[in-house]
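Per numbering that gives the first Met the number 0: the sequence shown = residues 0 to 136. Step one of this worksheet: look at the structure below.
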Amino acid sequence: MRGACEAGEDLPGRLEAGLRAALEMLAADPELADRLTVAPCLGGDDGAPDAQTDWIDRFGALLRDAAASDPRASAEADFLAPFLIGGVRFQIGRLVSKGEGPDLLRLLPGTLEALLACYFEPGEPRGLARAALASRD
């Protein structure tokens, strides 16, 4: 995921690439997706909460770095990135718990726009998300 996030030219591109990489990885490995998103909430194995926290911290750091690299993005408190990634984890877990893990990529457009909404002015995120998604198609 780190390589994907660093490949983008700006925050929308980096977010799109990082989210896509994460969703594709988790869709391809249902056991890992469950361990990172569902098992910690349902009292899974002892290592599940730590694995989830580590994943949220790492992805949060990538988001924070991506936002800091784009001068157009508003500066936010350090707690915001991990908090937002926790929300992404919830959305992934919601699909994984319903047996829809292989279809995680469908979360990409809405999740990308929602994350961008925390860093850009109202009205900007939808266009930025569409442009980032279109550049990959």
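Here a beta-carbon is modelled for each residue, glycine too, at the ideal position from N, C-alpha and C.
> Going by the CB atoms, is the gap between E15 and R135 shorter than 8 Å?
Replying inline: yes
> Roughly how far, in whole angstroms, is the beta-carbon of A60 from the beta-carbon of A66, given that I think they are within contact range, below 8 Å?
Replying inline: With a Cβ gap of about 11 Å, A60 and A66 do not count as contacting.
>> Taking the alpha-carbon of E30 as reference, which of G17, P101 and A133 has the nearest alpha-carbon?
In response: P101
> Does the Cβ-Cβ distance between V87 and A32 come in under 8 Å?
Replying inline: Pairing V87 with A32 gives a Cβ-Cβ distance that is not under 8 Å.
> What is the DSSP secondary structure of E75, reduced to helix, strand or coil?
Replying inline: coil
> Since L104 and A26 are thought to touch, with beta carbons under 8 Å apart, how far apart are those beta carbons, to the nearest angstrom?
Replying inline: 6 Å
>> If I follow the unbroken alpha helix (DSSP H) through D45, where does it start and stop?
In response: Element bounds for D45: n/a, residue is neither H nor E.
> What distance in whole Å lies between the Cβ atoms of L106 and A131, which are believed to be in contact at a cut-off of 8 Å?
Replying inline: A131 to L106, Cβ: 15 Å. No contact.
>> As a quick exercise: from A80, G12 and P124, pick the residue whose alpha carbon is nearest that of D56.
In response: A80
> Whose CA, out of Y118, G98 and L127, lies closest to the CA of T36?
Replying inline: Among Y118, G98 and L127, the Cα nearest to that of T36 is on G98.
> Taking the C-alpha atoms as reference points, what is the distance between R125 and D53?
Replying inline: 30 Å
>> If you reduce the DSSP assignment to three classes, tell me which class E120 lands in.
In response: coil
>> What would DSSP say about V87, mapped onto helix, strand or coil?
In response: helix
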